[in-house]
Amino acid sequence: MADDLLAIAPGPDNQAAIVGQRAVFQFRNLFLSIAGGSQCTLNAAGDGFVFSKAADNPDGFYLATGAGATRLFGMGAIALSFNGATAGCLQFDLTLRRPPVATSGSPPQVGYPELTALDIGLRLFFKDTAADLPVSDSEFFVTSRRYPFLVEDASAYTTDLTLTVQLDPLNPLQEARTYFGFRQGDVSLPSGYRTNIGYTVHLTPQSNSRLVFAPMPATYEVSADDPVYLVPAGDFELTVPPYNGAPANPNQNLLCGISGVEYIRLASDRTMLSFRPGQAAFAPGFIPNVPLKSDLKSDGGSDSPLTHLATTAWAYVWQQGGAPTYFAQPDQAVLHQPKARASTAIASGVELLQYMEVPTATLPPPDQETAPAFPLFPYGGVQPDAEQGVALTDYQQLELQVFSPIRRAQINQISANGNGPLPLMSATLSALPDALADSQTTTGTTPQGFLATFADEFETWRSLLLAKDTANKTVQFKDIERTAPLRSALQSNQLCLVISDPKALQPSAQKTYFPDNQLTIQGWTFDLNPDHWAKQGTILIFKFYTKPLIELIQNPQMWSIPEVFSGDPTATTATRDRLLNLIWGGLAKYASGAPSEDKTRIQDALATTENLPSTLRSQVEDALKATGAGTSAKDYDHYKLLANAALNANWSGILALNVHVPPSNLPRELLAISTGIDESKFFAQYVGIETTPITPTPTATATELVVGQSSLFALVDYQDDTVPPPTATGYNFQVNSLMALFQNSQLKAFSSEVTIVLDRLFEERTQLLNDASGRNIVILKGTAENHDGKVAYAFSFSGDNHFATPDSRVLNQVEIIKAQLATDPIADLEAATLTITGRFTFWGRLNFKPLEKFDAFSFGAEPPPPKSETAIAPDNDRYLSFSNLVVTMSFQRVKKDNVITLSDRQFAFVVENLVFDLQKSRVRQHSLYAKFPLKLTGLLYSDGKKKPGGYLPVKTPLGSSGPPDATPWYGLTFELDLGGLGALSGATKFVTSLLLGWTPTGSAGAAGGKVFVGLKMPGLAGDVLGFPLQSVIKLAFKSVEFVVAPGSGDRSSSYLLKLKNIVLKLFVLSFPRGSQTELVIFGDPKGTPENRTVGWYAAYAKNPTPAAAKPPPK
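In structure tokens, the structure reads:
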């Protein structure tokens, strides 16, 4: 262009040459103008020109900014060198004139327009999402947010600011050729940086201090026509002058971002702030007021949220001969400690605490080859601009989402490479009580109650107490050295620490940061041991960040050191995806019953969440639409606590997902069910630690921080939809579901469903009637009640379960109407080996079959159901009501090397304590019990190893055999009251015992299915038929027989008990001799079970006398 040419004509009379016409040197959006008529002379060395303004044109030179919007006329002579490193460069001084002082009647002058026009500062660039501009992933316009480098207010300066400028029209972006420098010896400059208590930090330029151009791209394509702005480069000394005449504070701190607890201590000697231009400054995933969108696999695989589409300057703080200290704590978990040595208790007796600063890292002197730097942006001069759509929240969002994570990671890396010790924190130690200051440890607490104890002058984090559980045991990290990434992460100002790699907490086989990892809530153990994380994919989250967790989890760039705690980008992406599934899975269950404000939060978060499976997204959308009857109050309540942690930006605490819950460590009242739980599916969906009360308690020598019980919450939501398989024993057990919800360290809700498989009852094969599953099961429901911190658990069933016994000759059905499950008391839970017994207790009804010819068992339905019957007999009110029928389930619990195993599960069918309720029982009309005056007394069981003692076989229409040898059998026992025998008998009553026994069909083989009847007389045992009258006199008989007399017409059948061949014995003599006597016992044929009267009659027949033998014939 013609304006870029500098035409020089000889001057008159050998005077200075004259610029023939106005010359303009373009530097993108800036240009330098040299007016025509300006003078041009050789410099003293003769190797360059010097241009001077014409005497009649004092404004002949100016530098225009903003494409000519502002002209800066405070220029001196311009030098143009022909030789050396600056050949071809235009050099001049530029004085930025402060606005004139306001005079009376004129408006006040605001700002420093000429300084502002130079656009000196740092910038962050992102996609312009204005409604009228097209935006896509590949094509977009670019906008930015500006951070003024210097205070742009003339009142902060005592003189005009003069810059030394060097411009190379051919190389405007080369820092060595084009820059704005500072005069040496100038006063310190008020900057946009602040201390953590709000004072302005001043910058004193050094020999290499300068301002250089950085492009401002307008679109996704970088262009040579893109405008530029000025960024700082080189070193500046940091100082904080005293204000308002106050003495200088010995501890001045440079604020790193927008948090007062993230700062760098400025040393009393020279502390330098070094700027490195050319650093990445474009955030492709940033949109104001929207969570940061970025995929770890994007941008060429980089895990940084910034790219080099646009650049700015980053900074580094260092000290000559030392190492500045970097301090950082989470804003939401700032440490506090007891105050000074003198008592600080106020009138109420409450001990006050003060801020406790904890050094995080040191910043060693920079290596010029590596030139470390991190984002350190000045916030003192940022201003909102409603017309341009600039809000202060944009700056806050950029700091939290972009700058803070990068700065944290860079400082961690820099500090890890430098092994210098932390400085002695004399200010912190002097604030402690004498006893604590003289000790080897320093302790502070956060508002949430995390108790941090440091040792070795803060070199070692001796312990970090995370919680104190309901068993008064602590959960804590221990012995975290200063260089450990875990410590750096925990001291992040904005802390979102996601730990999915257990090795991050166990750096070696001999070293673990997390030894105290068992959390107990009312007897429930939640195992946070990293050794067990792989079982369920446990993820541990520390969230002390002013953003909702649901926003943080989708952006690993906002996590603390994810490459250490989650792994490489692939592993971190996998962790992110699992987190999205776990958190959003909980929100899907919560959303249907959520209040409207939470539904709005979920809807907004869903709209900005990427990488969510389509099926899960649909579940959430459907849940948001559900109202009224479509909602699930239980799911809503179960996941309400998780939803609060995920959606509430102000929530802070620790959240663990998919936490191992060892069934072997359930509360002792529930240990019996542990053997029915599939450990691979049993875990806590979430466990949370919110607050721990810390009470400052003054003692004689110091103030102690006393730890109270933490506020904990958790959810165990176990489901097992599998069907328990049949077993050889005929019994099995399974927990189908278990839900335990904890809130405020107490069990808030509990429900469970367990299944007992009853494929055998009384050793008979069973068939559950009218059940579509085809399984022989009873399902019990579990509940719990919390009384003053004591939890009582109960498992019960109430209903009708009809178990047919199709193979049995005797039993028709066993009806279970009530069941309970309880764990037998455990004396010592810490024993190395324990036998755990669960006891299933059943209430129900026995329905016996009416045996042909002799209805001995009496209790049951009148009509015998056909063999193919698979339905419950209608209107059956005849049965034998029982209680305390027991199935025990026992197993071994072995504890070795802190590992607990469960083994050797066994079931037993127990009838020893079976009780019958005759008041609730009814018999068949023509049965033995209905027609004979018997009284049911119980049930006997024998494993077949011995015969029933004292019972002799009774002949019946069913046979006369006794129980087979080596065959299990069951028997109903009865009493038969025969009245009294008068004075001859020593007993007031003559009561015999009757046994109606049977052998099970299923287990007895060929001996199964047999029925036998036994009779036992009072006073004798063994095989003796009879009973004593006096000590030497006995009434004996040879056999006993039951006879059934069938009824006819209006007469019903009768049952007769015959005692045959009765004799009276005196020693070896029997009376009467040569005769037969029978005794018949009978009940009232028209009697009822309530009519227990008995009738007797006897028959006597003398044996016929044998005919005399005829004498032989003579």
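Per my numbering: the sequence shown ends with 1116, consecutive numbering throughout. Ideal placement from N, C-alpha and C gives every residue a C-beta, glycine not left out. Keep in mind it's a predicted model, so treat the numbers as computed, not measured.
Exercise. Whose C-beta lies closer than 6 Å to the C-beta of G940 among residues of the same chain, with five residues either side of it excluded?
Worked result: T975
Problem set entry | Helix, strand or coil at S432 according to DSSP, with G and I counted as helix | Residue placement at S432 cannot be trusted, given a pLDDT of 43 that sits under 50; the coordinates are not used to answer.
Exercise. What are the boundary residues of the alpha helix (DSSP H) that includes A1169?
Worked result: Residue numbering for the chain in the displayed model covers 3 to 1116; residue 1169 lies beyond these limits and cannot be assessed.
Exercise. Does A325 come within less than 8 Å of chain D when only Cβ atoms are used?
Worked result: Reference to chain D is not applicable here, since this structure consists of a single protein chain.
Problem set entry | Distance between V709 and I696 (C-alpha atoms, nearest Å) | 5 Å
Exercise. Under a Cβ-count criterion, where at least 16 other Cβ atoms within 10 Å of its own Cβ denotes burial, should L135 be classed as buried or exposed?
Worked result: exposed
Exercise. Between E1043 and the ligand SAH, is the CB less than 7 Å from at least one heavy atom?
Worked result: The ligand SAH is absent from the structure shown, which contains no ligand whatsoever.
For this session: Give the secondary structure of W653 by DSSP, where H, G and I count as helix, E and B as strand, and everything else as coil.
Result: coil
Exercise. From this set, N803, L499, L707, which residue's C-alpha is nearest L354's C-alpha?
Worked result: L707
Exercise. Is it right to say D121 is buried, meaning 16 or more other beta carbons lie within 10 angstroms of its own, or is it exposed?
Worked result: buried
Problem set entry | Spatially closest choice to G446 from W845, Y357, V214, Q399, by CA coordinates | Y357
Problem set entry | Exposure label - V224; buried when at least 16 CB within 10 Å | exposed
Problem set entry | Proximal residues to D1 (C-beta, below 8 Å), its chain only, five neighbours per side dropped | For the chain, the structure presents residues 3 to 1116; residue 1 sits outside this window and is missing.
Problem set entry | Backbone CA spacing between D369 and A330 [nearest angstrom] | 24 Å
Exercise. Are A858 and V1015 close, meaning C-beta to C-beta below 8 Å?
Worked result: yes
Exercise. If you run the structure through DSSP and keep just helix, strand and coil, what is V315?
Worked result: Sequence check: residue 315 is Ala here, not Val. Correct three-state label for A315: strand.
Exercise. DSSP state of Q559, grouped into three classes?
Worked result: helix
For this session: May I have the straight-line CA-CA distance separating T1001 from T522, to the nearest angstrom?
Result: 51 Å
Problem set entry | Cβ distance (whole Å) where A312 is taken to contact P229 below 8 Å | A312 to P229, Cβ: 11 Å. No contact.
Exercise. If we call anything under 8 Å between Cβ atoms a contact, is F735 one with T677?
Worked result: yes
Exercise. By the 10 Å Cβ neighbour count, where 16 or more other Cβ atoms means buried, how is P60 classified, buried or exposed?
Worked result: exposed
Exercise. Apart from the five residues on each side of it in sequence, which residues of its chain come closer than 7 Å, Cβ to Cβ, to V566?
Worked result: P487, A506
Exercise. When the Cα atoms are used, what is the spatial distance from F797 to Y972?
Worked result: 29 Å
Exercise. Under 8 Å, do K480 and S494 count as touching if we go by C-beta distance?
Worked result: no
Problem set entry | Buried versus exposed call for Q334 [16 or more other C-beta atoms within 10 Å across all chains shown] | buried
Exercise. Can you list, in chain order, the stretches of the beta strand (DSSP E) that have 3 or more residues and sit fully within the stretch 877-934?
Worked result: 882-898, 901-912, 917-919
For this session: Taking only the alpha-carbon atoms, compute the straight-line gap between P115 and A317 and give it to the nearest angstrom.
Result: 26 Å
Problem set entry | Cβ neighbour criterion (16 or more within 10 Å) applied to Y1102 | exposed
For this session: Only counting runs of 4 or more residues, tell me where the alpha helix (DSSP H) segments fall wholly within the stretch 396-420, in order along the chain.
Result: 406-419
Problem set entry | A648 and L551 closer than 8 Å at C-beta | yes
For this session: Report yes if the CB atom of N849 is closer than 8 Å to the CB atom of N814, and no otherwise.
Result: yes
Problem set entry | alpha helix (DSSP H) segment containing G587, residue limits | 571-593
Exercise. Do F379 and F2 come within 8 Å of each other at the CB atom, strictly closer than that value?
Worked result: Outside the displayed span of the chain (3 to 1116) sits residue 2, for which this structure offers no information.
Problem set entry | Integer-rounded CB distance, given that L256 should sit under 8 Å from V319 | 7 Å
Exercise. Which word fits P852, buried or exposed, when buried means at least 16 other C-beta atoms lie within 10 angstroms of its C-beta?
Worked result: buried
Exercise. Are V21 and S35 close, meaning C-beta to C-beta below 8 Å?
Worked result: no
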